[in-house]
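Going by my numbering, the first residue of the sequence shown is number 349, and it counts up by one from there.
We put the beta carbon where it would ideally sit given N, CA and C, even for glycine.
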Amino acid sequence: MRLVLIGPPGAGKGTQAAILSAELGIPHLSTGELFRTHVAHHTPLGRQAKEYLDAGALVPDRITNDMVRERLAEPDAQAGFLLDGFPRNVTQADVLAELLAADGHVLDAALEFDVPDDVVVTRLLSRGRPDDAEEVIRHRQQVYRSQTAPLLTHYADLLRTIHAVGSVEEITERVLEALKVIARAPK
Ligand code: ADP
């Protein structure tokens, strides 16, 4: 299965993606994690990305798309993947569609994690990542609304909205339920 996960910062995409990756036997590809690893290892890419991560801004598409292109070309991603944090704008979605089309593939679903703002702020403040300061969180929410939320319309035909308030187990169940529906849907 080829899936993209969409939702505001703190919606729990990363938590669910890790569980779903094991359930579905496909790798969890998180662009945020990839960037943080590059930053931690002081790679050239990490040096380029750091200022954007610290500010809660999107890393420029050119850098992000190149990184995703390389990651998707690796053997473990050939049979499917869960993309967490990519695409984050319509340009990135177009690049993803082209990458997949080149191999004759398409996305199976876009999973939207729907969760109210006040819930996510509480979650993020308790997480304590460097980009989880209140001001940076607010900026990331703004970026989500202006750049990423348009993907919900872009992916209207593929969209499955998951009510993402509840226990981790409950939310996993809802996702698996939504995916069963997709597996059964006629092509
Ligand atoms: P969250 O979903 O909690 O905001 P992520 O780990 O997905 O956290 O992303 C952290 C940061 O990594 C973003 O604020 C941004 O700077 C950068 N980033 C991640 N994915 C992308 C992307 N697709 N395009 C540009 N920047 C990205």
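Assumed close pair residue i, residue j - CB separation to whole angstroms, cut-off 8 Å
i    : j    : result
Q489 : P357 : 6 Å
P375 : D424 : 5 Å
F434 : I510 : The pair is not a contact, with the Cβ atoms about 18 Å apart (cut-off 8 Å).
A457 : I530 : 5 Å
L420 : L447 : 6 Å
L524 : E371 : 7 Å
G428 : M349 : 5 Å
Where the beta strand (DSSP E) containing residue i begins and where it ends
i    : result
L555 : One cannot answer for residue 555 here, as it falls past the ends of the chain, which runs 349 to 535.
D462 : A457 to D462
V352 : R350 to I354
With 16 other Cβ atoms within 10 Å as the buried cut-off, status of residue i
i    : result
Q426 : exposed
R522 : buried
K361 : buried
S515 : exposed
A449 : exposed
D479 : buried
L473 : exposed
A441 : buried
Residues that DSSP places opposite residue i in a beta bridge
i    : result
H502 : Per DSSP, none; premise fails for H502.
H511 : D462
L377 : L431
Where the alpha helix (DSSP H) through residue i begins and ends
i    : result
L368 : K361 to L372
V416 : D409 to L420
D442 : V438 to A450
Q426 : No alpha helix (DSSP H) contains Q426, which DSSP labels as neither H nor E.
R486 : E482 to V491
A403 : P392 to A403
L527 : V516 to R532
Test item: CB-CB of residue i and residue j under 8 Å
i    : j    : result
L351 : L430 : yes
A403 : V387 : no
A359 : V454 : no
V467 : V513 : yes
D414 : S378 : no
T520 : I354 : no
R436 : Q495 : yes
V484 : L406 : no
V438 : H502 : yes
R508 : A526 : yes
Contact test: residue i Cβ vs the ligand COA heavy atom, cutoff 7 Å
i    : result
T379 : Only the ligand ADP can be found as ligands here, which leaves the ligand COA out of the picture.
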